[in-house]
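A.B. asks:
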Amino acid sequence: MEYLYQQYLSESEKIRTEKGTVIIPDISGYTEFVKSICIEAGRYIIKELLSSILNANRIGMDISEIEGDAILFYKFGKKLSREEILKLYETMLESFNRKLEDIEAIMGHKLNLSLKLIAHYGTFSEYTIGSFKKLYGEPIIKAHTLLKNNIKSNTYVLMTNAFDSKTKPEKEQEYFYINYQ
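Sequence positions in the sequence shown follow my numbering and run 423 to 603.
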């Protein structure tokens, strides 16, 4: 027990907690896609699509993890502007759609996949387990929670009010979105 406490004290001095931006590009239609295709082809297609998103990260965001059909990107420091987030999404969407069109041309049919992006800003922490960098904090939970929403589109950017200086804190809606469909 004493060992755990000493380890905690040692590690707590090195904790990096700061404000930062969290974004999660997520492939819409993934669950149905997985159910409808053989594992070998599905794995290859998703790997190619996720790679297209990774390669479109032109602003140097760090990658915490790849979670099935989504990538958790983050960047500590100054809040990205709405314009920077939209430009990043548009670059990712263009790269994703180009790769998707190539795959659909080979397969001879549409795959009904698209890309959405969630963005949030707040205070969180980074820690390492083995060779993995993990994130901890409310912004991480909030970003994941916002992936499950009532937006009737599959191609959009959803940003929390942290990115809208005109939004009043007491406003009922905690986010806004821009539809690209």
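We treat Cβ as the ideally placed atom computed from N, Cα and C, and that holds for glycine. A quick note: this is a predicted structure, and the numbers were derived from the prediction, not measured.
In angstroms with no decimal places, state the Cα-to-Cα distance between residue 518 and residue 437.
C.D. replies: The residue given as residue 518 occupies position 96 in the sequence shown. The residue given as residue 437 occupies position 15 in the sequence shown. Approximately 35 Å, taken between the alpha carbons.
A.B. asks: For the 8 Å Cβ check, are there 3 or more pairs between the stretch 506-521 and the stretch 460-475?
C.D. replies: yes
A.B. asks: Just to confirm, are residue 604 and residue 502 a CB contact at a threshold of 9 Å?
C.D. replies: With the chain represented from 423 up to 603, any question about residue 604 goes unanswered, as that position is not in the structure.
A.B. asks: Assign residue 486 to one of three DSSP states: helix, strand, or coil.
C.D. replies: As a first step, residue 486 is located in the sequence shown; it is residue number 64 there, counting from the start. Of the three classes helix, strand and coil, the one that applies to residue 486 here is strand, per DSSP.
A.B. asks: Can you confirm whether the stretch 539-547 touches the stretch 452-464 when touching is taken to mean that 3 or more C-beta pairs between the two stretches lie within less than 8 Å?
C.D. replies: no
A.B. asks: Taking the alpha carbon of residue 576 as the point to measure from, which residue in 423, 443, 451 and 440 has its own alpha carbon closest?
C.D. replies: Here residue 576 refers to the residue found at position 154 of the sequence shown. Residue 576 has its Cα closest to that of 451, out of 423, 443, 451 and 440.
A.B. asks: So, for residue 484: in the same chain, excluding its five sequence neighbours on each side, which residues have a beta-carbon less than 6 Å away from its beta-carbon?
C.D. replies: Here residue 484 corresponds to residue number 62 of the sequence shown, with the count starting at 1. The answer, listed in chain order, is 496.
A.B. asks: So what does DSSP say about residue 452, is it helix, strand or coil?
C.D. replies: In the sequence shown, residue 452 corresponds to position 30, counting from 1. Three-state DSSP puts residue 452 in a helix.
A.B. asks: Measuring straight from C-alpha to C-alpha, what distance separates residue 491 and residue 557?
C.D. replies: As a first step, residue 491 must be located in the sequence shown, where it is residue number 69. As a first step, residue 557 must be located in the sequence shown, where it is residue number 135. Computed Cα separation, rounded: 18 Å.
A.B. asks: Let me confirm a value: residue 423 is counted as buried when at least 16 other C-beta atoms fall within 10 Å, else exposed. Which label applies?
C.D. replies: As a first step, residue 423 must be located in the sequence shown, where it is residue number 1. Answer is exposed; the Cβ neighbour count stays below 16.
A.B. asks: What is the C-beta distance between residue 456 and residue 508, in whole angstroms, given that I count them as a contact (C-beta under 8 Å)?
C.D. replies: Indexing the sequence shown from 1 puts residue 456 at position 34. Indexing the sequence shown from 1 puts residue 508 at position 86. Incorrect: roughly 29 Å between the Cβ atoms, too far for contact.
A.B. asks: Determine, using beta carbons only, whether residue 442 and residue 552 come nearer to each other than 9 Å.
C.D. replies: As a first step, residue 442 is located in the sequence shown; it is residue number 20 there, counting from the start. As a first step, residue 552 is located in the sequence shown; it is residue number 130 there, counting from the start. Against a cut-off of 9 Å, the Cβ pair of residue 552 and residue 442 comes out as no contact.
A.B. asks: Looking at C-alpha atoms only, which residue of 470, 432 and 512 is the closest neighbour of residue 479?
C.D. replies: As a first step, residue 479 is located in the sequence shown; it is residue number 57 there, counting from the start. Residue 479 has its Cα closest to that of 512, out of 470, 432 and 512.
A.B. asks: When you compare only the Cα positions, how much space is there between residue 570 and residue 526?
C.D. replies: Taking the first residue of the sequence shown as 1, we reach residue 570 at position 148. Taking the first residue of the sequence shown as 1, we reach residue 526 at position 104. Cα to Cα, residue 570 sits roughly 27 Å from residue 526.
A.B. asks: Rounded to whole angstroms, what is the Cα-Cα separation between residue 514 and residue 432?
C.D. replies: Your numbering for residue 514 matches position 92 in the sequence shown. Your numbering for residue 432 matches position 10 in the sequence shown. Straight-line Cα distance between these residues: approximately 40 Å.
A.B. asks: If you run the structure through DSSP and keep just helix, strand and coil, what is residue 438?
C.D. replies: Locating residue 438 in the sequence shown gives position 16, counting from the first residue. Strand at residue 438.
A.B. asks: Should residue 532 go down as buried or exposed, given a rule of 16 or more other Cβ atoms within 10 Å for buried?
C.D. replies: Along the sequence shown, one-based indexing puts residue 532 at 110. Result: exposed.
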